[in-house]
Every structure is written in C-alpha cells, then in structure tokens.
Amino acid sequence: MGYSAPIFYGYAVSYLNLAILIMSLVVQIVALIHCVTQRGDGFQAIGTLPKGAWVAILAGCLILTLLIGGPLRLFALIGIAAALIYLLDVRRGLKDLSDGTGFW
C-alpha cells in the first residue's frame, strides 16, 4: 500500500507551503521587532523612511500575510520583500550608525 503520485504530490506541496509560510512569518516578525526597538532619529540619519512608516509597512504586511494566508500569495511576497529590504539595508545602516563606525 503505497501512496499514489497525486496524493504524494499534494502532501509534498502542502508541507512545502507550510515551511515557506513559517519562514516568511519568522523573517517578517524579526524585522518588525527590530524596527520597533530602534530609535526614531536613526532612520532620518541614514536617509530612509521614518520609523513610523517602516513599522506600518512591516506590520501591515505581516497582518495581511496572516489573514490571507498562503506563502505564495501577493501580500506574503510583498511582506517578505519589505522585511528583507529592511533587514538587509535599513538594519545594516542603523547598525553602522550605532557602532560609531558610520558610513560617512
């Protein structure tokens, strides 16, 4: 008694979607927590959107990802992109600013 190909495919797709959803939620939550815990004046110093805008973008995308579900939906992909932009660009700029090494 083995699984037929369509049933196995359905299980594989379900588990893969769940894994992607969990990873995207973790990335979005980490970005949101980091953003909330930073000082507001640092965002102006590095020349990016204000802290309130980043919190609104990250929180809005996280809520839409949770409500609409599915890791490959449009809002989930936008949320992942926003979180990665924050983590890879803004967070790095804030870290450089607080280290004293700076980028100027």
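Counting from 1 along the sequence shown, just add 2 to a position and that's the residue number in our numbering. The beta carbon of each residue, even a glycine, is placed where N, CA and C say it ideally should be.
key: alpha helix (DSSP H) segment containing Ile48, residue limits   = First-last for Ile48: undefined, no H or E at that position.
key: Cβ-based burial, Leu18 [other Cβ within 10 Å; buried from 16]   = exposed
inquiry  = Rounding to the nearest angstrom, what Cα-Cα distance links Lys97 and Tyr11 in this structure?
reply    = 44 Å
query = When the Cα atoms are used, what is the spatial distance from Leu90 to Ser16?
reply = 29 Å
Assigned secondary structure, Ser30 (DSSP; H/G/I helix, E/B strand, else coil) = In the sequence on display, residue 30 carries Gln and not Ser. Of the three classes helix, strand and coil, the one that applies to Gln30 here is helix, per DSSP.
message = Comparing C-alpha positions only, which one of Leu68, Arg94, Gly95 sits nearest to Ile82?
response = Cα-wise, what sits closest to Ile82 is Leu68.
request  = Sort Leu23, Ala14, Tyr13, Pro8 by Cα distance to Leu76 and report the nearest one.
outcome  = For Leu76, the nearest C-alpha among the options comes from Leu23.
ask   = CB Ala84 to CB Ile48, shorter than 8 Å?
value = no
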